[in-house]
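Inspection log for the structure reproduced underneath, given as structure tokens.
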Amino acid sequence: MAVYRFRIAFEDYDDVVREIDIKSNQTFEDLHRAIHQAIGYNPDYPSSFYISNDQWTKGEELTFMPNQRRIDRGIALMEKVKLAARIDDPHQKFYYTFNFDRPFDFHVELMKIILEDAPGVTYPSVARAAGEAPKQFGNVFNPVSLPSTAEEFESFDDTGFNPEEAEDLTEVVDEEDVEESDKIVGADEEEEEDEFGSEFSDNEGFDEERHTSHDDY
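Residue numbers for the sequence shown follow the numbering used here, so the first one is 16 and each next one is one higher.
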């Protein structure tokens, strides 16, 4: 049985690398779990592999949706696809996103095809490890409560705005409230002017008899 050696690197942390050996008849879910065992993450979060070219452009998606209601969206599930079924190039690349809610992105590249598995080795296995992975939930930008399933992501546009929730985000303003607010602002401005005038007239250095207008000159 052939063995694939994949190089896995964080997209944003070039010095953190893992090389994993895995049998060609094992699945993409096996690779998904092996990656996180190698870096110390909990793998049970929605994630996807994307078949990529040399520029890491995303192609066909293979997804992992643990503990989620599964809907047939025409996207293959990792658990059902063997690695050999998507390897057409001896240097095949996959763009990989782990955890849609707080994502880490990876570059996964086939480095070597070993024609026979080694006796006594349990696959997947880590062939090389370099660098310490960042904390799974530390220092990761999470601007809003993002959807945790691929289905929910489809209802979001590129800005993360969900039009179905637009009514919940809209507050109706009463005209009387606006008028009342304007009165309060106007009163505050008059109060500030009175305080300023009082402070100026109480100034010890101010002499009304010596204060003249430009017409006196």
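Note that beta-carbon positions come from the ideal geometry of N, C-alpha and C, so glycine has one too.
- For Glu44, the enclosing alpha helix (DSSP H) stretches over residues Phe43 to Ile54.
- In the displayed model, Glu34 falls within a strand according to three-state DSSP.
- The beta carbon of Gln41 sits closer than 8 Å to those of Lys97, Leu98, Tyr138 and Pro139, all from its chain and outside the five residues before and after it, given in chain order.
- Here Asp36 is buried. Its C-beta has 16 or more other C-beta atoms within 10 Å.
- For Arg22, the closest C-alpha among the options Pro134, His122, Glu147 and Asp45 is that of His122.
- For Pro61, the number of other beta carbons within 10 angstroms of its own is at least 16, and it is reported as buried.
- Between Phe64 and Met93, the CB-CB gap stays under 9 Å.
- 9 Å or more divides the Cβ of Phe152 from the Cβ of Arg101.
- Following the DSSP letters along the chain, one finds Lys95 in no beta strand (DSSP E), marked with neither H nor E.
- If you draw a straight line from the Cα of Ala91 to the Cα of Leu77, it is about 5 Å long.
- With respect to Ala53, Ala144 sits close: the two C-beta atoms are nearer than 9 Å.
- In the structure shown, Gly74 adopts extended strand secondary structure according to DSSP, grouped into three states.
- In this structure, Tyr28 places its C-beta atom within 9 Å of the C-beta atom of Ala148.
- Between the alpha carbons of Leu46 and Arg88 lies a gap of roughly 22 Å.
- With a cutoff of 9 Å on beta-carbon distance, Lys127 and Trp71 are scored as not near each other.
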